[in-house]
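Peer 1: The structure's right below; bear with me while I get my questions together.
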Amino acid sequence: MKTIGDILSASPVIPVVTIEDAADAVPLAQALVRGGVRVVEVTLRTKAAFDAIKAIAAGVPEILLGVGTVLKPADLEAAARAGATFAISPGTTPSLLAAAKNAPIPFLPGVATPSEIMAAVEAGFGHLKFFPASVFGGPDALKAFAGPFPSLRFCPTGGVTAENAARYLALPNVVCVGGSWLTPAAAVAARHWGEVERLAREAVAGLARR
């Protein structure tokens with residue numbers, strides 16, 4: 022099984038996707054793969070989410086499939102059953118951190134403050150999601166975290182864009198970024214998979230040169 026570090030290192034950017042229609046899941050994932058993206062996060066924000074996750078797991082096995090917006094242990098268990106490669110939460114709770122330690126898939130806990138970081142480290146996690154990054158200080162906050170937490174690696178998400186992603190990735194404690202700009206809602210709704218592929222290719226090519 023891949024570690025969370027392996028997964029996060031597979032792509033400089035992880036598309037954060039909210040899927041309204043499960044029928045869009047496979048062509049969307051295939052467009053990302055054609056564009057060079059090897060990791061995706063599908064959020065649990067819609068009724069179609071788990072059907073979409075199952076479809077991608079079965080139809081696009083080459084992509085590393087993350088399930089985001091995991092809020093409780095039951096979500097983590099359901100993500101694993103649906104075929105996810107890993108799971109991601111926007112924040113942390115003691116029960117979720119405890120469940121994740123014995124989960125069948127790797128877990129990326131979300132943090133925003135030093136106290137939350139310390140709780141995640143105490144639970145044994147060395148890779149963390151910084152969310153919402155732009156609200157909690159952006160790159161400057163991550164620079165500050167490097168002092169007391171030099172061994173940690175982060176995936177900032179929330180307010181990360183094509184314009185500021187490189188600034189995050191220039192930091193030594195940032196392994197990748199998460200963002201929704203690769204899969205604009207309008208393009209997905211119109212099923213413009215060529216546009217998704219183009220955005221993915223541009224992001225991977227541009228950010229890989231950092």
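Add 21 to the 1-based position in the sequence shown for the numbering used here, that's all there is to it. Every residue, glycine too, gets a C-beta built ideally from N, C-alpha and C.
Return the bridge partner residues of Ala-108 from the DSSP annotation.
Peer 2: Paired residues: Val-88 and Phe-128.
Peer 1: From what residue to what residue does the beta strand (DSSP E) around Gly-200 run?
Peer 2: Where Gly-200 is concerned, the enclosing beta strand (DSSP E) stretches over 198-200.
Peer 1: What residues in its chain sit with their C-beta under 6 Å from that of Gly-56, if we drop five residues either side in the sequence?
Peer 2: Only Glu-218, Ala-221 and Arg-222 meet the Cβ criterion.
Peer 1: Ends of the beta strand (DSSP E) at Arg-188?
Peer 2: Where Arg-188 is concerned, there is no enclosing beta strand (DSSP E), although the alpha helix (DSSP H) it sits in stretches over 186-190.
Peer 1: Which of the three DSSP states is assigned to Glu-83 in this structure?
Peer 2: Looking at Glu-83 - three-state DSSP - the assignment turns out to be coil, as it is neither helix nor strand.
Peer 1: Across the region 31-51 and the region 64-71, are there enough close Cβ pairs to call them in contact, namely three or more that are closer than 8 Å?
Peer 2: Yes, since at least three Cβ pairs between the region 31-51 and the region 64-71 fall closer than 8 Å, the two stretches touch.
Peer 1: Counting Cβ pairs closer than 8 Å, one from the region 170-182 and one from the region 138-151, do we hit at least three?
Peer 2: The region 170-182 is in contact with the region 138-151.
Peer 1: For Gly-145, count the other beta carbons within 10 Å of its own beta carbon; 16 or more makes it buried, fewer makes it exposed. Which is it?
Peer 2: The residue in question, Gly-145, is exposed, as its Cβ has fewer than 16 Cβ neighbours within 10 Å.
Peer 1: What does DSSP give as the partner residue(s) for Val-63 in the beta ladder?
Peer 2: For Val-63, which the question treats as bridged, DSSP gives the partners Val-38 and Val-88.
Peer 1: So what's Pro-205 in DSSP terms, helix, strand or just coil?
Peer 2: DSSP places Pro-205 in coil when its eight states are reduced to three.
Peer 1: Alpha carbon to alpha carbon, how far is Pro-160 from Val-198? Give it in angstroms, no decimals.
Peer 2: Cα to Cα, Val-198 sits roughly 11 Å from Pro-160.
Peer 1: Going by alpha carbons, who is nearest to Ser-32 out of Ala-186, Thr-113 and Pro-135?
Peer 2: Out of Ala-186, Thr-113 and Pro-135, Ala-186 has the C-alpha closest to the C-alpha of Ser-32.
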